[in-house]
Amino acid sequence: MLMNTMQNENTRLFPKLAQVKKAGRKSERKNAECALGFEDSNTESSNKFSTEIKHGKKNNILCMALPVPLRKLFDYRIPESISVKSLVPGIRIKVPFGRRQLIGILIEIVPQSTLEDSQLKYISELIDDTPVLSKELLLFCQWAANYYHHHIGEVLTYALPTLLRQGKEAMIKTPVDHGSSTKQAPLALNEAQTNAVTKIIKNTEIFQCFLLDGITGSGKTEVYLQTIQTILNQNKQALILVPEISLTPQTINRFQLRFGQEVIALHSKLSPKERLKGWIMARDGTAKIII
């Protein structure tokens, strides 16, 4: 009974998210994404809001997700100094919240608010020109908030590295390529390894789990490496999880020697700047291998 009540509450607060969840066919999902403020990324108008949004500031209200333990979005007005066309879902905006100034994520723009005009405050500062969270990440975080019954503002906030939560610039210096022009050649696979690699590669377009069962030194790592090479050849990324931070340096070294390109790490022992750099490189696709 409690679960049903919470689920109904989420549907009420995030009706468009419910629309996305119910959208089974591709065309239905596309319509649901447009309802969240997104359009087809292949069109020239991919950075604009859906056509139902008017361009007059008085007719547009920003729905913001804020880092507070409340299961709702917050409405704000747009100052005359800010163009509506510069506002895209996924950007960070500083807003007044009580006596505080909070950094939130723009979810969508709606024609009007349920609040009276006298109750609506103006945003304080536009932090980003482009989204820090992509359409896919924004939809995923909204789904996670609904599934785990958590506040959308906190989910989105903790999807960002610390410096971005603090309003720092979402840019890094052009990374230096630490890759090598020479790469270690792959080892010859035995029959069992070949079968494993083949089965994994055949299922890379869908979610699928595989368990490699073998003793230490049986060749499981070579299966991982050759599978990852196939993924890299498709211009995709690979995420490798290791059980301990202490194993990170040797893992990075082995992968760099094998693939001849920079490998980044993300873990709790990194400095905020290091985490920001790695997060942005992973988000933008600059880093193809993430440990």
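Note that this note's numbering numbers the sequence shown so that position 286 is 287, with each residue one more than the last. The beta-carbon is built from N, C-alpha and C at its ideal position, and this holds for glycine as well.
**Study point:** Rounded straight-line distance, which links the Cα of K270 to that of R93
**Key:** 26 Å
**Study point:** Three-state secondary structure assigned by DSSP to K174
**Key:** coil
Practice item. Return the chain-ordered list of same chain residues with a C-beta closer than 6 Å to the C-beta of L226, the five sequence neighbours on each side being excluded. Key: Taken in chain order, the residues that qualify are R259.
Practice item. Could you tell me the distance, in whole angstroms, from the CA atom of V85 to the CA atom of I124? Key: 13 Å
Practice item. Under 7 Å Cβ to Cβ from L139, same chain only, skipping five residues before and after it: list those, please. Key: P90 and G91
Practice item. Return helix, strand or coil for V243, following the three-state DSSP convention. Key: coil
Check your understanding: Which stretch, first to last residue, makes up the alpha helix (DSSP H) that contains G295?
Key -> No answer is possible for residue 295: the residues shown for the chain start at 2 and end at 292.
**Study point:** Collapsed DSSP secondary structure at D118 in the structure displayed
**Key:** It is helical.
Check your understanding: At which residues does the alpha helix (DSSP H) containing G218 begin and terminate?
Key -> Note, G218: premise wrong, no alpha helix (DSSP H); not H, not E.
Review point. For the 8 Å Cβ check, are there 3 or more pairs between the segment 263–281 and the segment 193–203?
Key: no
Point to revise | Pair within 8 Å by beta-carbon distance, T228 and I202 | key: yes
Point to revise | Neighbour-count burial assignment, T52, 16 or more Cβ in a 10 Å radius | key: In this prediction, T52 scores a pLDDT of 29, lower than 50, which makes its location untrustworthy; no coordinate-derived value is stated.
Practice item. Could you please give the first and the last residue of the uninterrupted beta strand (DSSP E) stretch that includes L107? Key: For L107, the enclosing beta strand (DSSP E) starts and ends at R101 to V111.
Practice item. Please confirm whether I110 and L63 have their CB atoms less than 8 Å apart. Key: Contact flag set, yes.
Practice item. Determine the direct distance from the alpha carbon of Q209 to that of K184, and round the result to whole angstroms. Key: 29 Å
Check your understanding: Does the distance from the C-beta atom of T163 to that of R276 stay below 8 Å?
Key -> yes
Point to revise | Three-state secondary structure (DSSP) of I202 | key: helix
Review point. What does a CB cutoff of less than 8 Å around I132 pick up in its chain, not counting 5 residues either side in sequence?
Key: Sequence inspection shows Pro at residue 132; the Ile mentioned does not correspond to that position. So the qualifying residues of the chain are V89, P90, G91, I92 and L139.
Exercise for review: Output the distance between the C-alpha atoms of I104 and R166, rounded to the nearest integer angstrom.
Suggested key: 7 Å
**Study point:** Coil, strand or helix - I232 by DSSP
**Key:** helix
Practice item. Measure the CB-CB distance between D214 and A171 and report whether it falls below 8 Å. Key: No, the pair does not count as a contact, with Cβ atoms beyond the cut-off.
**Study point:** DSSP beta-bridge partners of R342
**Key:** The requested residue 342 does not occur in the structure, where the chain is confined to residues 2 to 292.
**Study point:** Cα-Cα separation, A189 to I290
**Key:** Distance between the alpha carbons of A189 and I290: 23 Å.
Point to revise | N145 vs H152 beta-carbon contact at 8 Å | key: Correcting the residue identity first, residue 145 is Ala in this sequence and not Asn. The answer is no: Cβ separation not under 8 Å.
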